[in-house]
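The letter at position 233 of the sequence shown is residue 216 when you use the working numbering, and the numbering goes up by one with no holes.
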Amino acid sequence: MTRAYTPGDQAVLEQQGASLLEIRDLHTHFFTPEGLVKALDGVDLSLKSGSTLGIVGESGCGKTVLALSILRLIPDPPGRIVQGRISFLGRDLLALDEVELRAIRGNKISMIFQEPMTSLNPVFTIGSQIAEVILLHQRQRAGTRKEALAASVDMLAMVGIPDPEKRAGDYPHQLSGGMCQRVMIAMAMACRPRLLIADEPTTALDVTTQAQILCLMNDLKEEIGTSIILVTHDLGIVAQVCQEVAVMYTGHVVEHAAAGEIFSHPLHPYTRGLMRSVPTLGARFRGEALYAIPGTVPTFKEMPKGCTFNTRCPEVMDICRSEYPPIFCPDRDHTVRCWRHRSA
Ligand SMILES: Nc1ncnc2c1ncn2[C@@H]1O[C@H](COP(=O)(O)OP(=O)(O)OP(=O)(O)O)[C@@H](O)[C@H]1O
Ligand SMILES: [Mg+2]
């Protein structure tokens, strides 16, 4: 039977089993001169241990802000987490002080950004940058600088960098984009984190390198037992590597389910629109036009009343224009914010 929950409702969490990460009713706002931007407007999400969660949605829907909020890296000002709870391994990340946070960042939770070049330091060799991470967080594994450098060579070998001893002495500008991204993964994985957050890690890469990087992340996940949050525009990637999918729209998670379930039974009209918009090989030659969801994501100044997708939704009803939908749970482990799925 379909049940409705209010944001932050504990019952939804209980249905989703034991979680590594639980986010409840998270609101992250930016106080800009142009006005208030509610980048996250009540996000509820959980991630099971050992799982890869794909976060998808059009540009500006809050994917990066969600990733940065988990690590408490929102620039303040203008941003601030104004409400909510982020529980990681049972600890409330929002209640930690800076020292406690530093022990978690890069150690228990790592992040890979879209642009590796902006994250690597151009004036240090890649070997010394990885060693630094190991020395900072993993003294018990490699106590001396020499041991840490040896461990960093092992990490470079693990992420498939050829001739790792020699490459450890290279500077970032001596490596290709794909190699730099491998180094970023080596750095992120050096501390064997429980959770890796990868924000568009392969968008800037060609498709072959992209496939290699994704395979690598998957292998490391198996080997180290890391759970992954993968932010991407690409539903093809999600279908390949994710066990769970969360679809974001205007700062909300509008649908969350197992990947197989979401691809076979997408419930939200937005999710269905995203799926229809994926170009397929050969469609053009069969004379099929490329589908695009009508309209664009509303800006925060023109946010519609009620469901924020109502101006673009092919299945809009009267109630959608007046009230934002709560979380409905039409199936076990499948949640959706759409009035079409309220109980009869
Ligand atoms: N520093 C900031 N100051 C003001 N607004 C911001 C800031 N960072 C993000 N935002 C706003 O928050 C909203 C969500 O942005 P976010 O970067 O999370 O989108 P996204 O889903 O990651 O998009 P993309 O797919 O393009 O990376 C956007 O409206 C954006 O303009
Ligand atoms: Mg982003």
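Built from N, CA and C at the ideal position, the CB exists for glycine as well.
DSSP assignment within the region 51 to 90 yields the following whole beta strand (DSSP E) runs of 3 residues or more, N-terminal first: 62 to 71. CA-CA distance, residue 116 to residue 174, rounds to 8 angstroms. The nearest non-hydrogen atom of ligand 2 is less than 7 angstroms from the C-beta of residue 182. Relative to ligand 1, the beta carbon of residue 283 is positioned inside 7 angstroms of a heavy atom. Ligand 1 approaches residue 22 closely enough that one of its heavy atoms is under 7 angstroms from the residue's Cβ.
The beta carbon of residue 18 sits closer than 8 angstroms to those of 283 and 284, all from its chain and outside the five residues before and after it, given in chain order. For the pair of segments examined, the region 158 to 175 was found to touch the region 87 to 104: the number of CB pairs separated by less than 8 angstroms reaches three. Ranked by how close their Cα comes to the Cα of residue 72, the residues 209, 227 and 24 have 209 in first place. Cβ contact annotation for residue 131 (same chain, cutoff 7 angstroms, sequence separation greater than five): 114, 117, 118 and 125, in chain order.
In the same chain as residue 22, and ignoring 5 residues on each side of it, the C-beta atoms closer than 8 angstroms to its own belong to 11, 12, 13, 45, 48, 62 and 234, in chain order. Contact check for residue 9 against residue 64 passes: the beta carbons are separated by less than 8 angstroms. Look at residue 217 here: in three-state DSSP terms it is coil, with no helix or strand label.
Excluding residues up to 5 positions away in sequence, 224 lie with their Cβ nearer than 6 angstroms to the Cβ of residue 197 in the same chain. In terms of CA proximity to residue 279, 256 leads the group 256, 301, 268 and 222. For residue 232, the enclosing beta strand (DSSP E) begins and ends at 227 to 232. Relative to the non-hydrogen atoms of ligand 2, the Cβ of residue 101 never comes closer than 7 angstroms to any of them. Here residue 200 is buried: its Cβ has 16 or more other Cβ atoms, across all protein chains shown, within 10 Å.
Residue 228 and residue 186 have their alpha carbons spaced roughly 18 angstroms apart.
Residue 292 is classed as buried because its beta carbon has at least 16 other beta carbons within 10 Å across all chains shown. Residue 281 is positioned such that its CB atom lies no closer than 8 angstroms to that of residue 263.
For residue 79 and residue 52, the gap between their C-alpha atoms comes out near 13 angstroms. Non-local beta-carbon contacts of residue 203 in its own chain, meaning distances under 6 angstroms to residues more than five positions away in sequence, involve 172 in chain order. Residue 37 is bridged by DSSP to 213 and 228.
In this structure, the CA atom of residue 246 is about 23 angstroms from the CA atom of residue 50. A straight-line Cα-Cα distance of about 30 angstroms links residue 15 and residue 4. Every unbroken stretch of the alpha helix (DSSP H) spanning 4 or more residues and falling wholly within the region 119 to 204 is given here in chain order: 128 to 141, 147 to 150 and 160 to 172. With a threshold of 16 other beta carbon atoms within 10 Å, residue 110 meets it and is buried. In this structure, residue 47 has its beta carbon less than 7 angstroms from a heavy atom of ligand 2. In the structure shown, residue 105 adopts coil according to DSSP, grouped into three states. Excluding sequence positions up to five before and after residue 153, its CB lies within less than 7 angstroms of the CB of 108 and 109, all in the same chain and listed in chain order.
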